[in-house]
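Chains as they are written, first to last, in my numbering: chain A, 1 to 176; chain B, 1001 to 1323. Here a beta-carbon is modelled for each residue, glycine too, at the ideal position from N, C-alpha and C. Here's the structure, in structure tokens; my notes come after.
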Amino acid sequence: MKSLSNRSKVVSDKNMTLLEGAYLPAVVKGLGITLKHFFRRPATLKYPEEQREFTEVYRGKHVLKRDENGAERCTACGLCAVSCPAEAITMVAAERKNGEEHLYREEKYAAIYEINMLRCIFCGLCEEACPKEAIFLTKEIAPADYEREEFIYGKDKLVEGVEPAKRIDVSKRQDR
Amino acid sequence: MSLLKVTIDGKTIEVEPGTTILQAARQIGPDVAPPAMCYYTKLKTSGGYCRTCLVKVTKGSEKDPRPMPKLVASCRTTVMDGMEVQNYSSEEVVEARKGVVEFLLINHPLDCPICDQAGECHLQDLSYENGRSKSRYEFKRRTFEKIDIGEKIQLHMTRCILCYRCVKVADQLTPGRVHGVINRGEVAEISTYIQNAVDNEFSGNMIDVCPVGALTDKTFRFKSRVWFLKPVDAHRDCDQCSGKAVVWKYGNEIYRVTGRKDQWGEVDEWICNTCRFEKKSPSDWVEEGPRKINRHSVISQNHYGSKTRFVASPESLPQKQLS
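Given below as structure tokens:
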């Protein structure tokens, strides 16, 4: 059968020449390749002391944004969950009560909002689907952990802080 | 009586005398059927309010072939023998319908992310298929406080497009109506007579006939979104209604019960309030099987491996499969 990639080599069992049979030139050649890599730029970094430079629109851990008054923008419409190809997002909606206007922007809000980070493929479709500009992917990396349960991020990990210092800037992802 | 021949968008059909253009177009198929927001086959005297079903009559009849001078509401115009009608094939109709959609959306809020009707809303479909993507309206939109019509129904007048369907339900389905439309024109609104509760056993059907999210089920309010639920045909023995309904399930839990809607979004058989609001235990219902949902509907999105059957509409299939 013809190869699909056109890169396969036909194996033959011909006898080695004298030079090949001496092995030493091949050993030197191999050492040469090893030595060459001492002077190459390493492929890895000394994380976490060193960090790789990220693009401005890197898709990392999600954030649930608040509006300028500190109220949560998410209204639990479920469009992120239905657009999610990995089915990583679940939510439970609740109705805003009187006096909670400073907490939630709309009359409906997400009482529970969970993203399973083990399922998430960081495609950014949730952000694309969001009609309220509530969910964004940030430059932050979702950290590793020992327990599977810890990867289910609730609102405690996703919603940004109210204080200006704790706000997460997503303007680069908005401007695209 | 002989059948009348009518041609809509180049497709000819023979219909009974007295048939409206809209009904004739529906008999031909969804390709030529004009959209309708207020007309409801099962409600007498409905139609004629929303103007979304406007069509152009290019030939009045065989005897009088003059075209009609203006676009006509197809839900209220009966066919004549030899009539020729243009719907989607007429630029004028498409443009006029865009205008109608813009008018319907003038006071309609953009709160689809909150609205329980989103995903099965006729106005959403209509504006998506026939409307502009932007509104040119610059003035303040009218808003209302939410009103409870009875214990189980909520009226959110801000979303209402005044189609009068719910009023017709109250008139024709329930004796002694307690709600209707007060005021006129821009300030017209659906209202109950001095906030009287609608406590008729069939009042819940006004939720199903409402094309938008103005009348919603309070027992389902904010519980879920329609596209997370699995619609299943089910029936039960009911001494008041046919008991044939659709139960919307999430896992084994029944979130809400609605009537069975046909291709045109109209309820086949009215169901009573007991079935709709009080029977939410799986043991109350005998399941018949998953409901057929068009695979382009948002309700069929993202149901990997679920048992819901999603049927492909013929025009969505690649031509090869059809031939």
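For Asp1081(B), the CB contacts under 7 Å within the same chain, skipping 5 residues up- and downstream, are Leu1004, Lys1005, Ser1061, Glu1062 in chain order. With respect to the 8 Å criterion, Gly1204(B) and Cys1121(B) are not classified as neighbours on the basis of their beta carbons. Secondary structure in the region 8 to 42 of chain A: the alpha helix (DSSP H) runs of 4 residues or longer, each lying completely within the stretch, are 18 to 21, 24 to 38 in chain order. Under the Cβ criterion of 8 Å, Cys77(A) is counted among the residues facing chain B. For Arg1165(B), the closest alpha carbon among the candidates Glu1138(B), Met1037(B), Ser1297(B) is that of Met1037(B).
Interface flag for Val82(A) against chain B is set, since a Cβ pair is found closer than 8 Å.
Within the region 1219 to 1233 of chain B, contact with chain A at the beta-carbon level (separation under 9 Å) is assigned to Arg1221, Phe1222, Lys1223, Ser1224, Arg1225, Trp1227, Phe1228. Contact between Asp1233(B) and Arg1295(B) does not hold, since their C-beta atoms are separated by about 18 Å, which reaches or exceeds 8 Å.
Around the beta-carbon of Arg1276(B), 16 or more other beta-carbon atoms lie within 10 Å, marking it buried. Under the three-state reduction of DSSP output, Ala1024(B) falls in the helix class.
If you keep only unbroken beta strand (DSSP E) runs of at least 3 residues inside the region 1121 to 1188 of chain B, you get 1147 to 1149, 1153 to 1155, 1179 to 1182.
For a Cβ distance threshold of 8 Å, nothing in chain B lies close to Lys97(A): the least Cβ distance comes to about 12 Å. Burial is judged here by how many other beta carbons sit within 10 angstroms of a residue's own beta carbon; Lys1168(B) has at least 16 and is buried. Rounded to whole angstroms, the gap between the alpha carbons of Glu1014(B) and Lys1070(B) is 24 Å. A distance of 8 Å or more separates the beta carbons of Thr1058(B) and Val1100(B).
Arg1256(B): member of the beta strand (DSSP E) spanning 1253 to 1258, first to last residue. About 18 Å separates the Cβ atoms of Gly78(A) and Leu137(A), ruling out a contact at the 8 Å cut-off. For the pair Arg1256(B) and Arg7(A), the Cα-to-Cα distance works out to about 60 Å. When DSSP assignments are scanned along the region 36 to 100 of chain A, the uninterrupted stretches of beta strand (DSSP E) that are 3 or more residues long and fall wholly within it turn out to be 62 to 64, 89 to 95.
The C-beta separation of Ala81(A) from Arg105(A) comes to about 19 Å, leaving the pair out of contact by the 8 Å criterion. Looking at Lys1223(B), Lys1098(B), Met1068(B), Ala1025(B), the one whose alpha-carbon comes closest to that of Ser1135(B) is Lys1098(B). Not a single CB atom of chain B sits nearer than 8 Å to the CB of Glu20(A). Residue state for Phe1222(B) is assigned as coil, using DSSP reduced to three classes. Three or more Cβ pairs drawn from the region 139 to 154 of chain A and the region 115 to 128 of chain A lie within less than 8 Å of each other, which places the two stretches in contact. Residue nearest to Leu1054(B) within the set Ser1046(B), Leu1043(B), Thr1077(B) is Thr1077(B) (criterion: CA-CA distance).
Considering only beta carbons, the part of the region 105 to 135 of chain A lying closer than 7 Å to chain B consists of Glu106, Glu107, Lys108, Pro131, Lys132, in chain order. In terms of CA proximity to Phe1202(B), Leu1173(B) leads the group Leu1126(B), Leu1173(B), Ala1025(B), Tyr1049(B).
Residues of chain A with a Cβ closer than 7 Å to the Cβ of Gln1301(B) are, in chain order, Val82. Against chain A, the beta carbon of Ile1114(B) has neighbours under 8 Å at Thr75, Cys77, Glu106, Glu107, Lys108, listed in chain order. Judged by beta-carbon spacing, Lys1280(B) lies within the 8 Å limit of Ile1254(B), meaning their Cβ atoms are closer than that value. If you look at Lys1063(B), you'll find it isn't in any beta strand (DSSP E); DSSP assigns it neither H nor E. Using a Cβ distance threshold of 8 Å, Asn1107(B) and Arg1141(B) count as a contacting pair. With a cut-off of 8 Å on Cβ pairs, the region 91 to 101 of chain A is not in contact with the region 1015 to 1031 of chain B, counting fewer than three such pairs. Straight through space, the alpha carbons of Gly1265(B) and Lys1152(B) are spaced by roughly 22 Å. In the DSSP annotation of this structure, Phe1277(B) is not part of any alpha helix (DSSP H), being labelled neither H nor E. Look at Ala165(A): its C-beta is not under 8 Å from any C-beta on chain B.
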